[in-house]
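**Q**
Protein chains: 2
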Amino acid sequence: MAARRDELTREATRLFAERGFHGTSMDALAQALGVQKGSLYSLIGSKQELLYVTMRSGATAFHAALDAVPERAPAAERVRVALRGHLRVVSEQLDVATVFTREWRYLEGAHRDEIVAERRRYEDRWRALLREGVESGDLRTDLDVGAATLLVLSAANWAYTWLEPGRDTDELADRFTAILVDGIRGYATRA
Amino acid sequence: MAARRDELTREATRLFAERGFHGTSMDALAQALGVQKGSLYSLIGSKQELLYVTMRSGATAFHAALDAVPERAPAAERVRVALRGHLRVVSEQLDVATVFTREWRYLEGAHRDEIVAERRRYEDRWRALLREGVESGDLRTDLDVGAATLLVLSAANWAYTWLEPGRDTDELADRFTAILVDGIRGYATRA
DNA sequence: TCCCTCCTACCGAACGGTCGTTAGCATCGA
DNA sequence: TCGATGCTAACGACCGTTCGGTAGGAGGGA
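For the protein sequence lines, the chains are Y and C, in the order given.
Here our numbering = 1-based position in the first sequence + 13.
Here our numbering = 1-based position in the second sequence + 13.
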């Protein structure tokens, strides 16, 4: 049941991703559903609520991807799996990922606080993953964990701007991991 | 002369960065200047034009930063200088950088085409920089230049979200460069 | 010095249109 | 019969933009 409501939230996510939250009117949304804009309010309480349900499904998807990272494994392997998971979410739910990383600032009130906290928690989990790698000796002891976290999260958060839906993201994640783990320096110039 | 107009574009950039283009009304802009909204139109032709001048100064700033990268120098050093330049622009002109990377899609018509081309050219210049590093032997011959470019541009483009204005970005750029060049792998686990 | 013209900046009011939202009523399948 | 879904019409607020008018100063010619 509530199939029509799902249709609405899906269409809303798509338009929010394409034109932005403020750039999408309830009227445009209604037209996409083939319906009068007043009719939308028998399916949803407000435009804000529409944004919120998108954000919630984004938060759920990204955290679920991190849940699949094995507790006991070499750090490089854990990074690889985490990056694979993140990029897979982005490519399989590109609109959700786009809205989640770009439009969260237009949430208001308690919903906003909640989503901001979820985003922060996601970053903290990544930071912990890298810190544990240093502590276990898998990663270099002089690694700047803060900078490394920033770097990998940048790659993850920027992916929605260039990732084509349906692309093989596992291989891509592995390439990123390879660069992160071993660096770009030429063999000949290694000190 | 035209001092008042500069004041307007500066305030517009600030508000576009804070609330987004569609989230900023001409009325809010006028209030920030202490003026009636109709009065803005003796200083600027349209809201679109206001967005465009911000985008232009962003494009100019980022390209100028890349111009300062030495032609003949080890690739790692060139990456370091380029990254320093980019992050310096972001921190010194945070609002401009924010609008440039986040609000460009709301430009319309020919202005949009122009700015999109500038953004693409900037990315191409980065890609060339890394490719030349491989060709000169400074960077590993098996480096995936596309993935490496994506990685470094992600870090650059995401910086506006976390960089605090006035922070020492040179040191930060060097830390990023160090990770990119040598990787995160622990010495003990090096193959 | 005076006058006239031009320019910049702003005013207050209004334009037609769109915004998100609400109310009351109709339809229809379960 | 009842809940889900949709309609039409309207609400007040706000949108970006245009308008005619005006204050004040700069510049130039007589």
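Even glycine gets a Cβ: it sits at the ideal position worked out from N, Cα and C.
This structure is a prediction, so every number in the text was calculated from the model and none was measured.
In the DSSP output, what is R140 of chain C paired with across the bridge?
**A** In the DSSP output, where bridge partners are listed per residue, R140 of chain C has none listed.
**Q** Within 10 angstroms of its Cβ, does D108 of chain C collect 16 or more other Cβ (buried), or is it exposed?
**A** buried
**Q** Going straight from the alpha carbon of L176 of chain Y to that of R118 of chain C, what length do you get?
**A** 17 Å
**Q** Relative to the C-alpha of E20 of chain Y, which residue among Y:V92, Y:A45, Y:H124, Y:L185 is closest?
**A** Looking at Y:V92, Y:A45, Y:H124, Y:L185, the one whose alpha-carbon comes closest to that of E20 of chain Y is Y:A45.
**Q** Residues of chain Y with a CB under 7 Å from the CB of W117 of chain C: which are they?
**A** Those within 7 Å of W117 of chain C in chain Y number zero; the least Cβ separation is about 11 Å.
**Q** Compute the beta-carbon to beta-carbon distance between R64 of chain Y and F29 of chain Y, rounded to the nearest angstrom, for a pair I have assumed lies under 8 Å.
**A** Position check: residue 64 of chain Y holds Leu in this sequence, whereas Arg was assumed. Indeed, because the Cβ distance is near 7 Å, the residues count as touching under 8 Å.
**Q** Compute the Euclidean distance between the alpha carbons of F189 of chain C and A186 of chain Y, then round it to the nearest angstrom.
**A** 19 Å
**Q** Would you call Y173 of chain Y buried or exposed, if buried means 16 or more other Cβ atoms sit within 10 Å of its Cβ?
**A** buried
**Q** If you drop the 5 nearest sequence neighbours on each side, which residues of the same chain put their C-beta closer than 6 Å to that of S70 of chain C?
**A** Excluding sequence neighbours, S70 of chain C sits near V109.
**Q** Does the stretch 121–134 of chain Y come within contact of the stretch 65–84 of chain Y, defined as at least 3 CB pairs closer than 8 Å?
**A** Judged by Cβ distances under 8 Å, the stretch 121–134 of chain Y makes contact with the stretch 65–84 of chain Y, as three or more pairs qualify.
**Q** Between F189 of chain Y and chain C, is any beta-carbon pair separated by less than 8 Å?
**A** yes
**Q** Which runs of the alpha helix (DSSP H) at least 4 residues long sit entirely within the stretch 107–179 of chain Y? Give them in chain order.
**A** For the stretch 107–179 of chain Y, whole alpha helix (DSSP H) runs of length 4 or above, ordered along the chain, are 107–115, 122–148, 158–171.
**Q** So which of C:F34, C:A77, C:R18 has the shortest CA-CA distance to G98 of chain C?
**A** C:A77
**Q** Give the single residue among C:L152, C:I57, C:G36, C:H35 whose Cα lies nearest to the Cα of R23 of chain C.
**A** C:I57
**Q** Report yes or no: do three or more beta-carbon pairs, one from the stretch 84–100 of chain C and one from the stretch 138–151 of chain C, lie closer than 8 Å?
**A** yes
**Q** Around the C-beta of E105 of chain C, are 16 or more other C-beta atoms found within 10 angstroms, so that it is buried, or is it exposed?
**A** Answer is exposed; the Cβ neighbour count stays below 16.
**Q** Between R97 of chain C and chain Y, is there a C-beta pair that is closer than 8 Å?
**A** no
**Q** Consider the Cβ of R153 of chain Y: report whether some Cβ of chain C lies at a distance smaller than 8 Å.
**A** yes
**Q** Report yes if the CB atom of A168 of chain Y is closer than 8 Å to the CB atom of L164 of chain C, and no otherwise.
**A** yes
**Q** Counting only Cβ pairs nearer than 9 Å, list the residues of chain C close to W139 of chain Y.
**A** Under the 9 Å cutoff, chain C gives no residues; its nearest Cβ is about 13 Å from W139 of chain Y.
**Q** According to DSSP, is R198 of chain C helix, strand or coil?
**A** strand
**Q** To be precise: take each residue of the stretch 103–133 of chain Y, compare its Cβ to all Cβ atoms of chain C, and keep it if any distance is under 8 Å. Which residues remain?
**A** R115, R118, Y119
**Q** Can you pull the chain Y neighbours of A89 of chain C, defined as C-beta to C-beta under 7 Å?
**A** R198
**Q** List, in chain order, every chain C residue whose beta-carbon is nearer than 7 Å to that of S167 of chain Y.
**A** S167, A168, W171
**Q** So, is the C-beta of V194 of chain C closer than 8 Å to a C-beta in chain Y?
**A** yes
**Q** Inspect the beta-carbon positions of W171 of chain Y and W171 of chain C and report whether they are closer than 8 Å.
**A** In this structure, the beta-carbon distance from W171 of chain Y to W171 of chain C falls below 8 Å.
**Q** Distance check for A161 of chain C and L142 of chain Y, CA to CA, integer angstroms please.
**A** 22 Å
**Q** With a threshold of 8 Å between beta carbons, is G36 of chain Y in contact with chain C?
**A** yes
**Q** Which of helix, strand or coil does DSSP assign to F189 of chain C?
**A** helix
**Q** Is A77 of chain Y helix, strand or coil by DSSP?
**A** helix
**Q** In angstroms, rounded to a whole number, what distance separates the CA positions of V94 of chain Y and L42 of chain C?
**A** 46 Å
**Q** Let's see if you can read the secondary structure: which residues bound the alpha helix (DSSP H) around S104 of chain Y?
**A** 88–105
**Q** Answer yes or no: does any C-beta atom of chain Y fall closer than 8 Å to that of G33 of chain C?
**A** Residue contact check for G33 of chain C against chain Y: a CB pair falls below 8 Å.
**Q** Would you say the beta carbon of K60 of chain Y comes nearer than 7 Å to a heavy atom of the ligand NAP?
**A** No copy of the ligand NAP appears in this structure; indeed no ligand is present at all.
**Q** Drop a sphere of 10 angstroms on the beta-carbon of G33 of chain Y, count the other beta-carbons inside from all chains shown, and report buried for 16 or more, exposed for fewer.
**A** buried
**Q** Using a Cβ-Cβ cutoff of less than 8 Å, which residues in the same chain neighbour L53 of chain C once the five nearest sequence positions on both sides are dropped?
**A** L21, M39, L42, A43, L46
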